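>
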Amino acid sequence: VKPVLLDSIRRILAQGHTAAPASTGQAAVSDLATGPLPPAVHAALDSAFEQSLATLDQLLDQAGQANATELSDERVHDIGQQLHSVRGGFALIHETALVAQCAQMEQWLQQGDITAVRDELPHLRVRGRQALQQRRPLE
14 VKPVLLDSIR
24 RILAQGHTAA
34 PASTGQAAVS
44 DLATGPLPPA
54 VHAALDSAFE
64 QSLATLDQLL
74 DQAGQANATE
84 LSDERVHDIG
94 QQLHSVRGGF
104 ALIHETALVA
114 QCAQMEQWLQ
124 QGDITAVRDE
134 LPHLRVRGRQ
144 ALQQRRPLE
């Protein structure tokens with residue numbers, strides 16, 4: 014979830030509550046902590062998560078093809094940016110276990126343990142998709 018996307022989500026929430034008092038708007042933000050997400054928020058987070066997963070797959074595949082035991086600073090930055098974006102998206106909706114998982118992956122990346130990051134990505138993918146499925150909007 015890039016900062017631009019987080020700003021978009023905030024605008025979506027504000028638009029849905031323009032006629033509501035400020036306290037109601039605050040309640041709407043806290044409503045992201047549990048239960049179904051607003052459709053636009055869910056769609057944005059789901060899209061951003063899938064985009065980040067695809068980018069991470071590509072970056073990690075490139076690192077593997079290069080038989081890189083040490084990644085370039087640019088590659089570390091790019092992978093870290095994607096992990097941090099995923100972490101921010103799940104923090105927005107208070108999915109603390111996923112936030113912690115992303116933080117651990119970021120730490121491994123900074124320690125140069127690309128194997129641990131690569132091995133954990135499938136678990137992040139499954140848990141993230143499960144969380145978003147459980148938080149899908151009511152129809």
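Start counting at 1 in the sequence shown, then tack on 13, and there's your number in our numbering.
In this text, a Cβ means the ideal position worked out from N, Cα and C, and glycines have one as well.
Given the structure is predicted, the values throughout are model-derived calculations rather than measurements.
1) Buried or exposed: which applies to residue 120, given that a residue is buried once 16 or more other Cβ atoms fall within 10 Å of its Cβ?
2) Would the beta-carbon of residue 58 fall within 7 Å of that of residue 102?
3) Measuring CA to CA, which of 108, 94, 105 is closest to residue 118?
4) By Cβ distance, which residues of its chain are closer than 7 Å to residue 86, with the 5 residues on each side in sequence left out?
5) What residues in its chain sit with their C-beta under 6 Å from that of residue 112, if we drop five residues either side in the sequence?
6) Grab me the residues of residue 76's own chain with a C-beta within less than 7 Å of its C-beta, minus the 5 sequence neighbours each way, in chain order.
7) Return the CA-CA distance between residue 110 and residue 125, expressed in angstroms with no decimal places.
8) Alpha carbons only, please: which of 51, 151, 145, 69 is nearest the one belonging to residue 96?
Taking the structure as given:
1) Locating residue 120 in the sequence shown gives position 107, where the first residue counts as 1. Counting Cβ neighbours within 10 Å, residue 120 comes out exposed, since fewer than 16 surround it.
2) Within the sequence shown, numbered from 1, the residue matching residue 58 stands at position 45. Within the sequence shown, numbered from 1, the residue matching residue 102 stands at position 89. Yes, Cβ-Cβ distance for residue 58 and residue 102 is below 7 Å.
3) On the sequence shown, residue 118 is found 105 positions in, with the first residue counted as 1. It is 94.
4) What you label residue 86 is simply residue 73 of the sequence shown in a count that begins at 1. Correct list: empty, nothing qualifies.
5) Start at 1 with the first residue of the sequence shown, and residue 112 comes out as number 99. Within the same chain, residue 112 has close Cβ partners 100, 103, 104.
6) Along the sequence shown, read from residue 1 onward, the residue named residue 76 stands at position 63. 84, 88, 127, listed in sequence order.
7) In the sequence shown, the residue the question calls residue 110 occupies position 97. In the sequence shown, the residue the question calls residue 125 occupies position 112. About 23 Å.
8) Against the sequence shown, residue 96 aligns to sequence position 83. Comparing Cα positions, the closest option is 69.
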